[in-house]
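**Student:** Which chain is which? The protein sequence lines are A and B, in order.
Quick note: the first sequence uses the numbering used here, first residue -9, plus one each step.
Quick note: the second sequence uses the numbering used here, first residue -9, plus one each step.
Number of protein chains: 2
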Amino acid sequence: MSGGRLRAHNLAISLDGFGTGADQRLESPFGHAGTRLMEWFFPTATFQGLTGTRERQAVDPATEPDDAYARRAWDGIGAEIMGANKFGPPGWQDDPEWRGWWGDEPPFHTPVIVMTHRELPSLEVGETTFHFRSGSPEEVLAEARDLAGGLDVRLGGGPSSTRSFLAAGLVDLLHVAQVPILLGRGERLWDGLEGLEQGYRIESETTPSGVTHIVFTRD
Amino acid sequence: MSGGRLRAHNLAISLDGFGTGADQRLESPFGHAGTRLMEWFFPTATFQGLTGTRERQAVDPATEPDDAYARRAWDGIGAEIMGANKFGPPGWQDDPEWRGWWGDEPPFHTPVIVMTHRELPSLEVGETTFHFRSGSPEEVLAEARDLAGGLDVRLGGGPSSTRSFLAAGLVDLLHVAQVPILLGRGERLWDGLEGLEQGYRIESETTPSGVTHIVFTRD
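#1: How would you list, in chain order, the residues of chain B whose beta-carbon sits under 8 angstroms from the beta-carbon of residue 196/A?
#2: Evaluate contact between the segment 163 to 178 of chain A and the segment 7 to 16 of chain A, counting only Cβ atoms and requiring at least three cross-stretch pairs below 8 angstroms.
#3: Across the segment 137 to 155 of chain A and the segment 185 to 199 of chain A, are there enough close Cβ pairs to call them in contact, namely three or more that are closer than 8 angstroms?
#4: Can you tell me whether residue 4/B is buried or exposed? The criterion is at least 16 other CB atoms within 10 Å of its CB, across all chains shown.
#5: Could one say the Cβ of residue 6/A lies closer than 8 angstroms to chain B's Cβ atoms, at least one of them?
#6: Output yes if chain A places a C-beta closer than 8 angstroms to the C-beta of residue 163/B; else output no.
#7: Report the residue from 24/B, 199/B, 116/B and 103/B whose alpha carbon sits nearest the alpha carbon of residue 94/B.
#8: Please confirm whether residue 1/B has its beta-carbon closer than 8 angstroms to some beta-carbon of chain A.
#9: Hey, does residue 103/A have any beta-carbon neighbour from chain B nearer than 8 angstroms?
#10: Look up residue 197/B in the DSSP assignment and say whether it is helix, strand or coil.
#11: Determine whether the beta carbon atoms of residue 68/A and residue 142/A lie at a separation below 8 angstroms.
#12: Buried or exposed, going by whether 16 or more other CB atoms sit within 10 Å of the CB of residue 241/B?
#13: Is there a Cβ of chain A sitting closer than 8 angstroms to that of residue 88/B, yes or no?
#14: Could you give the uninterrupted runs of the beta strand (DSSP E) lying entirely in the segment 142 to 204 of chain A, keeping only those of 3 residues or more?
#15: Just verifying my parser: in three-state terms, what is the DSSP assignment at residue -8/B?
#16: So is residue 53/A buried or exposed if we call it buried at 16+ other beta carbons inside 10 Å?
#17: With distances taken Cα to Cα, identify the nearest neighbour of residue 179/B among -6/B, 7/B, 70/B and 82/B.
Following this line, the structure appears as structure tokens:
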């Protein structure tokens, strides 16, 4: 294999399979889902940015089982691929001031490829460089692997871009956090993926937060 | 409360939410899903009909965590409600010889109400009497409660009839067994149930078989 693995982590979905709600807007990136898909993630040491062992001890120990999943997303990653809707609200391509949701220091610290139909100039924000590409999943992954310098590539979501890489058979690890709510509408993760389980090992675990972590892996 | 609780147990769904596959036929009651949604259930002591403690010991102990869920479906039940597709393949209403999938001794041993648009004469098979009704979920439940004589009523599936009782707010306990396969097509359980989690406690547990048991309860 010429490059590293393609890994998706911390992709939260509702019990009815929606990875984001309907009506995504600037003030509500997850649409009518609000923050409900990510409530399990916010109190974790990883989200709080507490990386040292001593700092971790300040966190509610009940969040540790979730954090054990959350923190793997940052291990050995050299580049990220994300969908257009993760980078900004509908229409961000027409706003020359838009630099992502994350302020002056985005949490990626690696090259990031944003999949969008418009080719735009690359953008450096803090330690992160965003590249904008309209290629196929295969083409984008090839470039991301070059950028990752031998490390793995993170597939950062959202649900529709993740689904296109799953459908193309390109994903080596998929970690889904299934949250026990029913959103009823939005963007589904699993559509059109009949038989996806073939060729993967699947492990599931429910944590005290009520979230079921489901991990697909292949060698 | 004039009658007992309405409880649904052992309703198996795929990770993408299908409670049965597409193309249900006489020779394949679950359609293209085959038996894959029920593989966790078949080796349990409950399915094997082994009810005594001594008999249970002959069963693979790895199936015990699943059986702990499976066997609750038979506790304190005085009547069952089922959808038309659980009673027979499409068109069974036109076959005067059709007496259900279960042979001479169906496993219910209580009155069963089959929801169908045709009013047909009641049918006695072994210790089970089937009644055929076209009423609303509320009407059917009222009759089932009378038949149950103070015990609980089991909502026996399939997914679309279960969904109609959930949408009407009539279900007191829902046990879903989520199987880690993707069916891609068929009958979805969760459609149109946005916000269902409100008013329920939800507990989830993954067993060694890989199934995640999800239980909604309310008082």
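Don't be surprised by glycine CBs; every beta carbon is placed ideally from N, CA and C.
Just so we're clear, the structure is a prediction, and the values are computed from it rather than from any experiment.
**Tutor:** To lay it out plainly:
#1: Looking up residue 196/A in the first sequence gives position 206. Neighbours of residue 196/A on chain B, chain order: 194, 195, 196 and 202.
#2: yes
#3: no
#4: For this step, residue 4/B is matched to residue 14 along the second sequence. Buried, since its Cβ has 16 or more Cβ neighbours within 10 Å.
#5: Start at 1 with the first residue of the first sequence, and residue 6/A comes out as number 16. Closer than 8 angstroms to some Cβ of chain B, the Cβ of residue 6/A qualifies, so yes.
#6: What you label residue 163/B is simply residue 173 of the second sequence in a count that begins at 1. Judged by the 8 angstroms Cβ criterion, residue 163/B is not in contact with chain A.
#7: Residue mapping note: residue 94/B aligns to position 104 of the second sequence, counting from 1. Closest option to residue 94/B, Cα to Cα, is 116/B.
#8: Numbered from 1 along the second sequence, position 11 holds the residue referred to as residue 1/B. Judged by the 8 angstroms Cβ criterion, residue 1/B is not in contact with chain A.
#9: What you label residue 103/A is simply residue 113 of the first sequence in a count that begins at 1. No - not a single Cβ of chain B is within 8 angstroms of the one on residue 103/A.
#10: As a first step, residue 197/B must be located in the second sequence, where it is residue number 207. DSSP places residue 197/B in coil when its eight states are reduced to three.
#11: For this step, residue 68/A is matched to residue 78 along the first sequence. For this step, residue 142/A is matched to residue 152 along the first sequence. Contact flag set, yes.
#12: This structure leaves residue 241/B out entirely; chain B is present only between -9 and 209.
#13: To locate residue 88/B, count along the second sequence from 1; it is residue 98. With 8 angstroms as the cut-off, residue 88/B does not count as an interface residue toward chain A.
#14: 142 to 145, 163 to 169 and 191 to 196
#15: In the second sequence, residue -8/B corresponds to position 2, counting from 1. Per-residue confidence for residue -8/B stands at a pLDDT of 42, beneath the threshold of 50, marking its modelled position as unreliable; the derived number appears in the next sentence. Three-state DSSP puts residue -8/B in coil, outside helix and strand.
#16: Along the first sequence, one-based indexing puts residue 53/A at 63. It counts as buried.
#17: Position 189 of the second sequence, counting from 1, holds the residue named residue 179/B. Among -6/B, 7/B, 70/B and 82/B, the Cα nearest to that of residue 179/B is on 7/B.
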